[in-house]
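Sequence order for the protein chains is A and B. Quick note, in the numbering used here, the first sequence goes up one by one and the last residue is 321. Quick note, in the numbering used here, the second sequence goes up one by one and the last residue is 929. For each residue, glycine too, the CB sits at the ideal point set by N, CA and C. One structure below.
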Amino acid sequence: MYLVKRGVSLFFTLLIAVTLIFGMFRLLPGDATQALVDPLASEATRARLAEQFGLDQPLYVQYALFLRDLTQFELGVSFAQRRPVSAIVGPAFLNTLVLVAATFVLAYGLGALLGVVLAAKRGHPLEKVGTFITLVIRGAPTFWIGILAISLFSLTLGWFPVAGMVSPGSRPDSTLRMFLSLDFLHHLALPLAVSTLYAISLPLLLVRSTMLDVLREQYMEFAEAKGLPRWRILYRHGLRNALLPPVTAGAQFIGWAMGGMVVIENVFSWPGLGRTIVTALSTRDFPLAQGSLVLIAVLVVSLNVVTDLLAAYLDPRIELK
Amino acid sequence: MKRNQRSRGDSNADTGAAGGGRRRAARWVLGMLLVLAVGLAACTSDSDSDDTSDTDNGTDTDDGQTAPVAAGEAIPTIRYLGPSTTYDNDQFEAGNIVIEALEELGFTVELLTAPDFSTYADLVLREDWDITASGYVGQLARLEPSALLTAPYLCQHVGGSNYSGYCNEDYDALIERSQAELDPDARRELIHEAQAQLLWDLPTVTYYHPTLPSIYNNTMYDTTVVNPVSGYYDFWNFISATPIDDDTVRIGDADEGRSLNPLGNASYFHEQELQLLFFDTLTRIDPDGDVVPWAADEVTAVDDVTIEVELRSGMTFHDGEPVTAADVAFTYEFFDEWEVGRYAAGLGRVATVEPDGDTTVRFNLEGPYAAIQFELFSQLPILPAHIWDGVVEAEGLGHPSDWADPDLTGSGPYQLVSYDPVGETRMTRFDDHFDPPVAENLLVSRYANPESLFLALRAGDIGFTDGGPGFTVLQVEEAEADADLTVTSAPSITVRWAAFNTAEGPFSDFEVRRAVVHAIDSETIISDVLRGHAEPGRGVIAPANTAWHNDGIPPGPSDEPLAWPQFDLDLARQILEDAGYTWDEQGRLHYPDPHEPSTLNPEPLPWP
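Structure (structure tokens):
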């Protein structure tokens, strides 16, 4: 019963998201014919192209076609690249996902560890400094940190490449082999470091505050009374119980991180979905922009469901209705 | 003029339905983007600037009527549409300098900006504006004077690429004659006269021609080829550069990869540049900007309307099939049949193309066509008929440009190995070509932003790039300090100009245009904004286009009736005053009363 109700609300959430996605690009001034045709070309050329792209149709017809295609898992054909959108966003999505997943692991891992430390050191100068640094990083613009990192670590020190996912000309044919190559890891390091810095504040601050609550629980005092080592009390008895809010925030985190990748991917020329969206927007490539955002919307919405289920599993007190 | 009888609020409502509503919508859109956790901060700040609630009191007609010295009605707030700082910072700053001078002359100015070209191209056709700043970036094809003298100025393009709405039958006739004139010297005379006519009527005014800086990484290549339009980013460089360490020419490109399908409308010259590598054309434009034979061995004008082309013998496509006259004839007919925008105007001048034997092609023209070698022969990629003939039916396409995975077999010096508009493009040398390239491989990498392109160039990941939209002054200064990079700078044929709305509003009066061109302080723009890296505006055919630029017009101030305008606000005021314009107590400019303006220069053109 829960799943049915959830499914219905999922459907409507997606319908609204998809409608917003469709509408907002069409409200922007300009269209693809202006981006793709030489400004010196004739009006007839543009009109012909608009017809070819279906942009001469009334909006409701375009919308109906868009929805019809979506029900068949069709995302259309990119205006600028003239290839099916799915063939473009598929690999881009994978590249973004790798970056987001790595960021998730690092940010949650380090964030949880550091969150516990900050909670345990309540009142200590270390907590004040730690919280302050976290808030500064959270507030700093990512592109600025990214550019600073490139100019320091890539240009001045020469430790990391300046851009891209692999060195020019050395991309292996198989995507899996590329993800496993040292060259790829070398390229991943800097964007990953910056995106982790960007993302770590959420799990860190969340773990810190729930941990502060947990520390006041009686079973923590009991564990201490048993004479258990301090780290064991904190990480085994404390963190386990403090993890629930960060886990439920996981879906939100992924969505938020996907958004953050737009900036990171553009600073580091990472060939992911965020870069695709920016390019698609600047050329008014509606199908490509829509396809990318629909993909993100589906991911975020379904992750929300997954985390709800996960939360109920982790905490038996939560009842799914 | 109805506009000046309304209050400012009314005139907002006027554009509100189409303009304001869409602008509000645009901001709502961007808000929604953020909701979807996709931060696209770049666009928002720019779209704000056009509807900042301006509380200017000037348009109030009461002011005008009570002012003792002002005869006619006050000139309503004029709207200046230009690129935003993210789109083209230099021209944005130049615009501010111009606006300041206009305000000093007694205009009130509202600034509208567009954050990118798509937005600009839309606003310029839909919005009410009085002056719009734009430009034409130098491309080899734009060395041919027809490129910039037709689309922005002919009567038939009003409402489209002719932004200013300029329409002068004498000018149209002049251009018509120049396109049919086959004698180069006689044609040059006509092209010079056309430039003089534009300066005489002033539908547009050129601010400056930026200097083109070009940079390459000298640790990777030996090369000397520089062309006047795109510098080291040049086809001849790509086939002649000698790699020092490996056997690959590495090129960096900006992130807007588009379909390489030659039947597509890709106007982006990067794709055109790549197409030149794997397709041959009948002629090519050499680094000096001259047309030279390429796949054609010889081009002969049999008479004014018949051209015979003799192909090189022994040419083959990458798949081993011979390149024949039939392929060339097929290509021209195929492009004509499917009306590919870039070539449509030129192909309209060609009646038929007939193969005559295996290596001779005869072009029968509708009339004399002076620029055919430049506009068509050097541009149209020769397609293999055995691949493209019937492809629409075989693949079930609406148009050949819909072919998502086109077979890009050509006969050019490189053959395509793989193409990814967002990733890498790889090519390998075609050994059987008549002019095989030096390097065995050619690699094009894509970068998300101009800064990355420049960093990759410095790091030696790429050897050649045009820097995306072009290198900035700061990058050039950094490059000059870097021994690994070689920098050259040359005057370019790029034109940064403003068009006046000659159809309505104050600039439909020629005298107003004649005055305000003296309000453009090119010297300050060049020294303060471009740090000296530009030449003052000299019309739409830049002085760097030495073959066609009219160098017989002196710069002002000068006794000659025809001279390039110089910054002189006193002169501008004098011209306005002589034309009957007045100023009220607030210094605001008023129309003459009665006001019977002439859109074109009423005097006959004193040229030659």
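Minimum length 3: unbroken beta strand (DSSP E) runs contained in the segment 27 to 82 of chain A = If we require 3 residues or more, the segment 27 to 82 of chain A turns out to have no beta strand (DSSP E) run fully inside it.
Supposed close pair Gly784/B, Val570/B - CB separation, criterion 8 angstroms | 7 angstroms
Select from Phe143/A, Ala140/A, Leu114/A and Thr142/A the residue whose C-alpha is nearest the C-alpha of Val129/A.
-> Of the listed residues, the one whose Cα sits closest to Val129/A is Leu114/A.
DSSP three-state assignment for Ile628/B, whether helix, strand or coil = Reduced to three states, the DSSP call for Ile628/B is strand.
Closer than 9 angstroms by beta-carbon distance: list the chain C residues that pair up with Ala820/B, in chain order.
-> Annotation note: the requested chain C is absent from the structure, which comprises protein chains A and B.
Does Glu497/B have its Cβ less than 8 angstroms from a Cβ in chain A?
-> no
Taking Glu224/A as the query, report the chain B residues whose CB atoms sit under 9 angstroms from its CB, ordered along the chain.
-> Within chain B, no residue comes near Glu224/A; the closest Cβ sits about 41 angstroms away, beyond 9 angstroms.
Under 8 angstroms between the Cβ atoms of Leu3/A and Val301/A?
-> no
For the alpha helix (DSSP H) that contains Thr96/A, what are its first and last residues?
-> Val85 to Ala120
Could you have a look at Val359/B and say whether DSSP puts it in helix, strand or coil?
-> Its pLDDT being 37, under 50, Val359/B is placed unreliably in this model, and the value from its coordinates should be taken loosely. Looking at Val359/B - three-state DSSP - the assignment turns out to be coil, as it is neither helix nor strand.
Apart from the five residues just before and just after Ser154/A, which ones in its own chain have a Cβ nearer than 6 angstroms to its Cβ?
-> Phe160 and Val162
Under 8 angstroms between C-beta atoms, does Tyr313/A make it to chain B?
-> By this cut-off, Tyr313/A is not an interface position.
Measure from the alpha carbon of Leu402/B to the alpha carbon of each residue in Ala435/B, Pro923/B, Ile560/B and Asp872/B, then state which is nearest.
-> Ala435/B
Environment of Val18/A [buried if 16+ CB atoms lie within 10 Å] = buried
Just checking, does the segment 554 to 566 of chain B make contact with the segment 749 to 759 of chain B on the three C-beta pairs under 8 angstroms criterion?
-> yes
Comparing the C-beta of Leu3/A with each C-beta of chain B, is any distance below 8 angstroms?
-> Answer no: the Cβ-Cβ gap between Leu3/A and chain B never drops below 8 angstroms.
Phe438/B: which of Gly456/B, Leu423/B and Ser773/B sits nearest, CA to CA?
-> Ranking Gly456/B, Leu423/B and Ser773/B by Cα distance to Phe438/B puts Gly456/B first.
Proximal chain B residues relative to Asn304/A, where beta-carbon distance stays under 8 angstroms | Neighbours of Asn304/A across chain B, judged by C-beta separation under 8 angstroms, do not exist; the nearest C-beta is about 13 angstroms away.
Alpha-carbon spacing of Pro727/B relative to Phe656/B, whole angstroms = When rounded, the separation of the alpha-carbon atoms in Pro727/B and Phe656/B is 15 angstroms.
For the segment 743 to 756 of chain B, which residues have a beta carbon sitting closer than 7 angstroms to at least one beta carbon of chain A?
-> Val743, Gly744 and Glu745
So, Val445/B versus Thr809/B, is the Cβ gap smaller than 8 angstroms?
-> No, these two residues do not count as a Cβ contact at 8 angstroms.
Give the secondary structure of Arg834/B by DSSP, where H, G and I count as helix, E and B as strand, and everything else as coil.
-> helix
Taking Ile88/A as the query, report the chain B residues whose CB atoms sit under 9 angstroms from its CB, ordered along the chain.
-> Pro742 and Val743
Extent of the continuous alpha helix (DSSP H) run through His186/A | Residues Leu182 to Ala199.
With DSSP as the reference, please indicate the residues paired to Asn483/B in a beta bridge.
-> Val479/B
Using three-state DSSP, classify Gly164/A as helix, strand or coil.
-> coil
Taking three-plus beta-carbon pairs below 8 angstroms as touching, is the segment 621 to 634 of chain B in contact with the segment 680 to 699 of chain B?
-> yes
Spatial neighbours of Asn241/A in its chain, beta-carbon cut-off 6 angstroms, leaving aside the 5 residues before and after = Non-local C-beta neighbours of Asn241/A in its own chain, meaning closer than 6 angstroms and more than five positions away in sequence, comprise Val214, ordered along the chain.
Is Ala249/A helix, strand or coil by DSSP?
-> Shown here, Ala249/A sits in coil according to DSSP, grouped into three states, outside any helix or strand.
Mind checking the segment 168 to 185 of chain A against chain B and listing, in chain order, the residues whose C-beta falls within less than 9 angstroms of any C-beta there?
-> Listed by position along the chain: Pro168, Gly169 and Arg171.
May I have the straight-line CA-CA distance separating Gly169/A from Asn762/B, to the nearest angstrom?
-> 10 angstroms
Closer than 8 angstroms to chain B by CB, Glu127/A | Interface criterion not met: the Cβ of Glu127/A is under 8 angstroms from no Cβ in chain B.
Can you give me the start and stop residues for the alpha helix (DSSP H) that Tyr912/B sits inside?
-> Run containing Tyr912/B: none; DSSP gives neither H nor E here.
May I have the straight-line CA-CA distance separating Glu497/B from Glu490/B, to the nearest angstrom?
-> Rounded to whole angstroms, the separation of the alpha carbons of Glu490/B and Glu497/B is 10 angstroms.
Where do the ends of the beta strand (DSSP E) carrying Gly130/A lie?
-> It is not in any beta strand (DSSP E) - Gly130/A instead sits in the alpha helix (DSSP H) that spans Pro125 to Gly139.
What residues of chain A sit near Ala468/B, judged by a beta carbon separation below 9 angstroms?
-> Leu40
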